[in-house]
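Residue numbers (this note's numbering), protein chains in the order written: chain P, 1 to 286; chain Z, 1 to 311.
Idealized CB from N, CA, C, for every residue including glycine.
The structure under discussion appears below in the form of structure tokens.
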Amino acid sequence: MREKLKSVLSVNDFRRKVINVTMISLIVISSLIAIFPLMSVFVFVFQKGFSTLSLNFFTSLPAPVGEMGGGMAQSLLGSAMLIGLASLIGVPWGIASGIYITEYGHGKSAWFLRFSNDLLMGIPSIVVGLFTYSFIVAPMKGFSLLAGSIALGIIMIPIVSRSTEEILKTVPQHIREAGLALGISRYRVILNIILRGSWGGILTGVILSVARISGETAPLLFTSFNNQYWSGSLTQPISSLPVQIYTYAISPFEDWQKQAWAGALVLILFIFTINVTVRFIFRKNK
Amino acid sequence: MAKKRKDLHIGDKAFYWILKVMAFGIILLLLAFFVLLFKMSWPVLSKVGPSFFWFNDWNPVTEEYGALPFIFGTIATSLIALFLAVPISLGAALLITEIADGGVRKILGFLVEMLAAIPSVVYGLWGLFVVVPFLRETVQPFLSKYFGVLPIFEGAPLGVGLMASGIVLAIMITPTIATISREIFLTIPKVYKEGALALGATRWEMIRLSILKSSVSGILGASILGLGRALGETMAVAMVIGNRAEISASLFSPAQSMASLIANEYAEASGDMHLASLTAIGFGLLIVSFFMNSTARIIVWRVERKYKGTR
Numbered sequence: 001m002r003e004k005l006k007s008v009l010s011v012n013d014f015r016r017k018v019i020n021v022t023m024i025s026l027i028v029i030s031s032l033i034a035i036f037p038l039m040s041v042f043v044f045v046f047q048k049g050f051s052t053l054s055l056n057f058f059t060s061l062p063a064p065v066g067e068m069g070g071g072m073a074q075s076l077l078g079s080a081m082l083i084g085l086a087s088l089i090g091v092p093w094g095i096a097s098g099i100y101i102t103e104y105g106h107g108k109s110a111w112f113l114r115f116s117n118d119l120l121m122g123i124p125s126i127v128v129g130l131f132t133y134s135f136i137v138a139p140m141k142g143f144s145l146l147a148g149s150i151a152l153g154i155i156m157i158p159i160v161s162r163s164t165e166e167i168l169k170t171v172p173q174h175i176r177e178a179g180l181a182l183g184i185s186r187y188r189v190i191l192n193i194i195l196r197g198s199w200g201g202i203l204t205g206v207i208l209s210v211a212r213i214s215g216e217t218a219p220l221l222f223t224s225f226n227n228q229y230w231s232g233s234l235t236q237p238i239s240s241l242p243v244q245i246y247t248y249a250i251s252p253f254e255d256w257q258k259q260a261w262a263g264a265l266v267l268i269l270f271i272f273t274i275n276v277t278v279r280f281i282f283r284k285n286k
Numbered sequence: 001m002a003k004k005r006k007d008l009h010i011g012d013k014a015f016y017w018i019l020k021v022m023a024f025g026i027i028l029l030l031l032a033f034f035v036l037l038f039k040m041s042w043p044v045l046s047k048v049g050p051s052f053f054w055f056n057d058w059n060p061v062t063e064e065y066g067a068l069p070f071i072f073g074t075i076a077t078s079l080i081a082l083f084l085a086v087p088i089s090l091g092a093a094l095l096i097t098e099i100a101d102g103g104v105r106k107i108l109g110f111l112v113e114m115l116a117a118i119p120s121v122v123y124g125l126w127g128l129f130v131v132v133p134f135l136r137e138t139v140q141p142f143l144s145k146y147f148g149v150l151p152i153f154e155g156a157p158l159g160v161g162l163m164a165s166g167i168v169l170a171i172m173i174t175p176t177i178a179t180i181s182r183e184i185f186l187t188i189p190k191v192y193k194e195g196a197l198a199l200g201a202t203r204w205e206m207i208r209l210s211i212l213k214s215s216v217s218g219i220l221g222a223s224i225l226g227l228g229r230a231l232g233e234t235m236a237v238a239m240v241i242g243n244r245a246e247i248s249a250s251l252f253s254p255a256q257s258m259a260s261l262i263a264n265e266y267a268e269a270s271g272d273m274h275l276a277s278l279t280a281i282g283f284g285l286l287i288v289s290f291f292m293n294s295t296a297r298i299i300v301w302r303v304e305r306k307y308k309g310t311r
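The following block contains the structure:
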């Protein structure tokens, strides 16, 4: 009887160990599967994009189909302008909202504001595009730089707000109290003491949000649209790197597809450089 | 003296009100989304009614608009994505929190974050020129040769279609699900794990009993957030889904999703009704994303609050 029990137990033990090893291996394997696409995207973007990259890519306008050469200069400038203008909307609005939530919001109202930020962040970016279309493009009767920047700006707001909030939350309460105890008014405490100390962190959030919107395509398809020429006017359609990549990628021309890969390489390098730099420089300081 | 104090108050008050207006402005912005999109889609909603969402015809030329094929495409691709992404994300999250240590943990966490940083349009490009040919030339012929009797593997191996978009979407929502699950796993009190191990549980049994069991609702919340992201994902899907308003049981067949339809047709919409119909589809997307996000957020918050203090 006892022998039997012992053998059952050890068989069970063996089974348990086998299951353990199997499941742990499955966990490791699924992690490898999860990061495999990242490697694959990188390999292909480098492989296919690198050969097309040249000085021309950064300095000249697109060439007509069939002609060699040509670049995406106008898209790069357009993206820069869109991001710059979007930041004018998204950064102050986001920072203000983040400050309000941490410094003044309490209980229910803070919860509700935070929740609204989350909901705004969860709106699909194409819907942000529709929204901007209906209140900028439709009344102004045309695709424009202005519309594109507003769409991107709206996407930035919740990202900046949430990151500002996270940073300000880490400022110890006694710093605020010390400032107030000295008789400094509250807004001076916030501006001169709290914000000054958290500037690096807030900037990190802003830069990461720039990285985020620099790849947004869907909301630009029908707000800033596209343009094969230089454009700097607020009310004119303007080209952007992501929309240009899309246009070229789905075109049937091999030259254009090559240009799309080169554009993707530039975009990815930009986004990853930002991410890696920010993470390694600013996180270490904290 | 009294005057001076009042001056201070004015500065404080102005600052306070400026911040307050901007913070609450976000709520107004959210409301504006609903009002404007509803107004823009009113022509079609008033004419066709809610049955717009279950009509099966989409033909701008004859002015017939029904959203069913796109709703089908959206749900089908998102479910495929969820089916693939949930186990993989959970595996990655478990490896990061429970198994790997130090360097491996950091690197893996970083790589998962980078996966989220790749723009949709780049995933689309990669999907179109790497995943689609691979499916067309290798995976789909194999599946139809050996499992072709099943309705889901019927039809010509085109590459583009439900399968391709499901796979690309799965990759795109993996970071969302993995990151949130990781946060959930981290909220589980250490004593639970130690208790299980002290009772002689193997590593897997500890994971199953003390981690997975107590975070079921959190995982559900994470999956809903992932699903929400998948439903609204546009560019990558638009590039690999095949863009055909078709309802078919086969994973091989091309389809169209709500978001990809808007991306494809909006800039060149042929008339007011067409524009209104596309906006109505966007309006539907807005409502669904609101619903999903609020449910998921509330679930995740509850879970996190439950273990606060016990850690």
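Using a 10 angstroms sphere on the CB of Gln47 (chain P), the tally of other CB atoms stays under 16, which defines it as exposed. Taking 8 Å as the cut-off, the beta carbon of Pro151 (chain Z) is found no closer than this to the beta carbon of Ser260 (chain Z).
DSSP places Ala156 (chain Z) in the coil class of the three-state scheme, outside both helix and strand. Look at the region 284-300 of chain Z: the residues with a C-beta under 7 Å from a C-beta of chain P are Leu285, Leu286, Ser289, Phe290, Asn293, Ser294, Arg297.
In the DSSP assignment, the residues bridged to Trp58 (chain Z) are Z:Tyr65. Trp17 (chain Z) sits exposed, since fewer than 16 C-beta atoms from the chains shown fall within 10 Å of its C-beta. When 9 Å is used as the limit between beta carbons, Ser30 (chain P) is near these residues of chain Z: Pro87, Ile88, Ser89, Leu90, Gly91, Ala92, Leu94, Leu95, in chain order. In its chain, beyond the 5 residues on either side, Ala269 have a beta carbon closer than 7 Å to the beta carbon of Leu275 (chain Z). Partner residues in a beta bridge of Gly102 (chain Z), as assigned by DSSP, do not exist. Burial state of Pro50 (chain Z) is exposed, judged by a 10 Å Cβ sphere holding fewer than 16 other Cβ atoms. For the region 16-49 of chain Z, the set of positions with a beta-carbon nearer than 9 Å to some beta-carbon of chain P reads Tyr16, Ile18, Leu19, Lys20, Val21, Met22, Ala23, Phe24, Gly25, Ile26, Ile27, Leu29, Leu30, Ala32, Phe33, Leu36, Leu37, Lys39, Met40 in chain order. Counting every other CB atom within 10 Å of its CB across the protein chains shown gives Phe14 (chain P) a total below 16, marking it as exposed. A direct Cα-to-Cα measurement between Ile262 (chain Z) and Gln256 (chain Z) gives close to 10 Å. Between the C-alpha atoms of Thr234 (chain Z) and Leu146 (chain P) there is a straight-line separation of about 22 Å. For Arg176 (chain P), the enclosing alpha helix (DSSP H) begins and ends at 173-181. In the three-state scheme derived from DSSP, where H, G and I count as helix and E and B as strand, Gly73 (chain Z) is classed as helix.
By the criterion of at least three beta-carbon pairs nearer than 8 Å, the region 174-193 of chain Z is in contact with the region 108-116 of chain Z. One finds Gly122 in chain P with Cβ atoms closer than 7 Å to the Cβ of Gly228 (chain Z), taken in chain order. Against chain Z, the CB of Ser60 (chain P) has no partner CB under 8 Å away; the residue lies outside that interface. Ile211 (chain Z): not part of any alpha helix (DSSP H); DSSP gives it neither H nor E. Contact annotation: in the region 30-52 of chain P, residues whose CB is within less than 8 Å of a CB in chain Z are Ser30, Ser31, Ile33, Ala34, Ile35, Pro37, Leu38, Ser40, Val41, Phe44, Val45, Lys48. By the 16-neighbour rule on beta-carbons within 10 angstroms, Glu165 (chain P) is buried. Under DSSP, Ala255 (chain Z) forms a beta bridge with Z:Gly242. In its chain, beyond the 5 residues on either side, Ala92, Leu95, Ile96, Ala100 have a beta carbon closer than 8 Å to the beta carbon of Leu108 (chain Z). Against Ile171 (chain Z), the close residues of chain P are Pro37, in the order they occur along the chain (beta-carbon pairs closer than 8 Å).
Gln140 (chain Z): member of the alpha helix (DSSP H) spanning 140-147, first to last residue. Contact annotation for Gly148 (chain P) against chain Z: no contact, minimum CB-CB distance about 12 Å [criterion: below 7 Å]. For Tyr266 (chain Z), the neighbours in chain P by C-beta distance under 9 Å run, in chain order, Ile126, Gly129, Leu130, Tyr133, Leu221, Phe222. Here Val122 (chain Z) is not near Val128 (chain P), since their CB atoms are 8 Å or more apart.
Any Cβ of chain Z closer than 8 Å to the Cβ of Asn192 (chain P) would place that residue at the interface, and such an atom is absent. A residue is called buried once 16 or more other Cβ atoms fall within 10 Å of its Cβ, and Tyr146 (chain Z), having fewer, is exposed. Taking 8 Å as the threshold, the shortest C-beta distance from Ile184 (chain Z) to chain P does not fall below it.
Chain-order list of chain P residues neighbouring Ile71 (chain Z): empty, with the shortest C-beta distance near 15 Å, by a criterion of under 8 Å. If you draw a straight line from the Cα of Pro141 (chain Z) to the Cα of Pro157 (chain Z), it comes to about 6 Å. Across the structure, Ala32 (chain Z) and Ile29 (chain P) are spaced so that their CA atoms are roughly 46 Å apart. Thr132 (chain P) carries a helical assignment under DSSP once its states are collapsed to helix, strand and coil.
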